[in-house]
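There are 2 protein chains.
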Amino acid sequence: MASSQLPRHISRQFDNELESIRERVLNMGGLVEQQLVDALKALTDSDIEKGEAVVRKEPSVNSYEVSIDEECTKILARRQPAAGDLRLITAVIKTITDLERIGDEAEKVAQMAIYLTGKQGAKSYYIGINSMGNFVREMVSDSLDAFARMDSEAALKTAAREPESDEQYAAILRQLVTYMMEDPRSITSVIDAIWTVRSLERIGDHARNICEYVIYFVEGKDVRHLSIEEMQKQMSA
Amino acid sequence: MASSQLPRHISRQFDNELESIRERVLNMGGLVEQQLVDALKALTDSDIEKGEAVVRKEPSVNSYEVSIDEECTKILARRQPAAGDLRLITAVIKTITDLERIGDEAEKVAQMAIYLTGKQGAKSYYIGINSMGNFVREMVSDSLDAFARMDSEAALKTAAREPESDEQYAAILRQLVTYMMEDPRSITSVIDAIWTVRSLERIGDHARNICEYVIYFVEGKDVRHLSIEEMQKQMSA
Numbered sequence: 158m159a160s161s162q163l164p165r166h167i168s169r170q171f172d173n174e175l176e177s178i179r180e181r182v183l184n185m186g187g188l189v190e191q192q193l194v195d196a197l198k199a200l201t202d203s204d205i206e207k208g209e210a211v212v213r214k215e216p217s218v219n220s221y222e223v224s225i226d227e228e229c230t231k232i233l234a235r236r237q238p239a240a241g242d243l244r245l246i247t248a249v250i251k252t253i254t255d256l257e258r259i260g261d262e263a264e265k266v267a268q269m270a271i272y273l274t275g276k277q278g279a280k281s282y283y284i285g286i287n288s289m290g291n292f293v294r295e296m297v298s299d300s301l302d303a304f305a306r307m308d309s310e311a312a313l314k315t316a317a318r319e320p321e322s323d324e325q326y327a328a329i330l331r332q333l334v335t336y337m338m339e340d341p342r343s344i345t346s347v348i349d350a351i352w353t354v355r356s357l358e359r360i361g362d363h364a365r366n367i368c369e370y371v372i373y374f375v376e377g378k379d380v381r382h383l384s385i386e387e388m389q390k391q392m393s394a
Numbered sequence: 158m159a160s161s162q163l164p165r166h167i168s169r170q171f172d173n174e175l176e177s178i179r180e181r182v183l184n185m186g187g188l189v190e191q192q193l194v195d196a197l198k199a200l201t202d203s204d205i206e207k208g209e210a211v212v213r214k215e216p217s218v219n220s221y222e223v224s225i226d227e228e229c230t231k232i233l234a235r236r237q238p239a240a241g242d243l244r245l246i247t248a249v250i251k252t253i254t255d256l257e258r259i260g261d262e263a264e265k266v267a268q269m270a271i272y273l274t275g276k277q278g279a280k281s282y283y284i285g286i287n288s289m290g291n292f293v294r295e296m297v298s299d300s301l302d303a304f305a306r307m308d309s310e311a312a313l314k315t316a317a318r319e320p321e322s323d324e325q326y327a328a329i330l331r332q333l334v335t336y337m338m339e340d341p342r343s344i345t346s347v348i349d350a351i352w353t354v355r356s357l358e359r360i361g362d363h364a365r366n367i368c369e370y371v372i373y374f375v376e377g378k379d380v381r382h383l384s385i386e387e388m389q390k391q392m393s394a
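Heads up: the protein sequence lines correspond to chains S and F, in order.
Using the numbering used here, the first residue of the first sequence is number 158, and each one after it goes up by one.
Using the numbering used here, the first residue of the second sequence is number 158, and each one after it goes up by one.
So, in structure tokens, the structure goes:
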């Protein structure tokens, strides 16, 4: 949400604390998104150095998770937040878990980029993967945007794209299996490519989760485990 | 923790609420563990009905997650817990997320059991998978036990077994790739087997996460993202 839309409290200090948490989540999100961008670039450009930089930065993502979590616990203990404030804190606690896992998956993609660089034939598998990578990167970016503005409509729109990433995943998988059948010598490197596409599919799931927390915060409704249509109904109810 | 070890409050009602949450987490854990047992059994016995029963019960796991989460939020708002109580609530909020994901993975295993039943040659892949399945099932069971007794030593011991599940995973994967190379016609069904072993590996990760929350509750120390040795040091510090 825009800073001006943050709930205002008698304690100005409390306002500052909530604003600081929100900023740190967005910083963490920015780092995670950049990790994903760099991991994908390492993959398509066979850029080992970029891949290694992603691996090196992964502990910073973890540190964000641990320290934001700690900050949230402190606020819970000190400020005893209620209603919207409490929903914000629980939404943040869940969001950073998903962000951390997106960071993990980005690291796996980077590891694969390092491992595959120079391996014969590998590049041709990565055309579909790159386009799927861009798709889920956009989902992550849009979910963070929805979080920044605490916009439940935008969150719903982004969550609604997740099934499309599942379809891309299935299509790429079918194509990769065909490669293996045509040339059994490619099996091990195709399996590696499969892990990468699996990582991307999970990143799409995590982005959808973040959207669900935004909807929870804004609408006060838990829309996890619902289909997109059910989510929509809940929101207009 | 044993019921007698629960922190006592002036409000007897608050004691009851914490006890009720603890019981519900254990009930959810029992259901999730049973789902995993049944999914593995469906796989090894080619028992479609058992597999379908697991799929049917999956929404109950989700309901547990949503309703325990709601109960935790209510307690946070109404009781404004501090110190150990607050750590218990945050540990519960995180634990149920991991339990829900173990339930998801168990459902995937069950889906695969249904899909593979009757498929030629599939059974031979499942020897290693079954033994790994038992290993991670034990990890889940032990992590729930550590949660029930809030025993951080037991939690550390269980967490320490997770690298072993990674090794099993890598060994089974190597074996499965060999099958594909020897007989390319087996590729699609081996890929299916690979998803199952991946699910099991993730279940081991989630069990370890639960152990980390137990340690957080008991010791007041966040031991995520640490190696087992570092966890041990933190605990004895």
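Glycine included, every Cβ here is placed at the ideal spot set by N, Cα and C.
At least one C-beta of chain S is nearer than 8 Å to the C-beta of V334(F). Distances from the alpha-carbon of E257(S) to those of D202(S), L188(S), T315(S), S300(S) put L188(S) closest. The contact set of A239(F) on chain S, defined by CB atoms closer than 8 Å, consists of A234 in chain order. Each residue's CA atom was taken as its position, placing A263(S) and N219(S) some 13 Å apart. With a threshold of 16 other beta carbon atoms within 10 Å, N173(F) falls short and is exposed. If you draw a straight line from the Cα of M185(S) to the Cα of F171(S), it comes to about 21 Å. For F292(F) and I372(F), the gap between their C-alpha atoms comes out near 22 Å. Here the alpha carbon of M289(F) sits roughly 35 Å from the alpha carbon of T201(S). For K390(S), the enclosing alpha helix (DSSP H) has its first and last residue at 385–393.
Annotation for P320(S): the continuous alpha helix (DSSP H) segment containing it runs 319–339. Between the alpha carbons of I367(S) and V211(S) lies a distance of about 22 Å. For H166(S), there are no neighbours in chain F by C-beta distance under 8 Å, as the nearest C-beta there is about 16 Å away. By the rule that beta-carbons nearer than 8 Å mark a contact, D379(S) touches chain F. One finds nothing in chain F with a Cβ atom closer than 8 Å to the Cβ of V266(S); even the nearest lies about 16 Å away. Counting every other CB atom within 10 Å of its CB across the protein chains shown gives G361(F) a total of 16 or more, marking it as buried. Chain-ordered, the chain F residues with CB closer than 9 Å to the CB of H382(S) read P216, N219, S220, E222, V223, E257. Contact of I344(S) with chain F is assigned, a C-beta pair being separated by under 8 Å. Assignment of P238(S) by DSSP, reduced to helix, strand and coil, places it in the coil class.
Using a Cβ-Cβ cut-off of 8 Å, L197(S) is close to nothing in chain F; its nearest Cβ partner there is about 22 Å away. Rounded to the nearest whole angstrom, the CA to CA distance from S168(S) to S346(S) is 58 Å. Burial check for P216(F): the Cβ neighbour count within 10 Å stays below 16, so the residue is exposed.
Using a C-beta cut-off of 8 Å, the segment 331–349 of chain S makes contact with the segment 333–348 of chain F, since at least three inter-stretch Cβ pairs fall below that distance.
With a threshold of 8 Å between beta carbons, P341(F) makes contact with chain S.
Not flagged as an interface residue toward chain S: M289(F), since no C-beta distance is shorter than 8 Å. Within the segment 178–197 of chain F, no residue places its CB atom closer than 9 Å to a CB of chain S. Going by DSSP, H166(S) is part of no alpha helix (DSSP H) at all; its letter is neither H nor E. The CB of T353(S) never comes closer than 7 Å to any CB in chain F; the least such distance is about 13 Å. Spatial neighbours of A199(S) in its own chain (CB-CB distance under 6 Å, excluding positions within 5 residues in sequence) are listed in chain order as K207, G208, A267, A270. Between E190(F) and R294(F), the beta carbon gap of about 7 Å places them in contact (Cβ cut-off 8 Å). Residue state for T274(F) is assigned as coil, using DSSP reduced to three classes.
The beta-carbon separation of S322(F) and E358(F), rounded to 6 Å, stays under the 8 Å limit for a contact. If you draw a straight line from the Cα of E227(S) to the Cα of E369(F), it is about 15 Å long. Look at M337(F): its C-beta is under 8 Å from a C-beta on chain S.
Its chain contains T315, A364, I367, C368 as the residues whose beta carbon lies nearer than 6 Å to that of S300(S), once the 5 sequence neighbours on both sides are disregarded; these appear in chain order. By a beta-carbon distance limit of 8 Å, R179(F) does not contact Y221(F). Their separation comes to about 13 Å.
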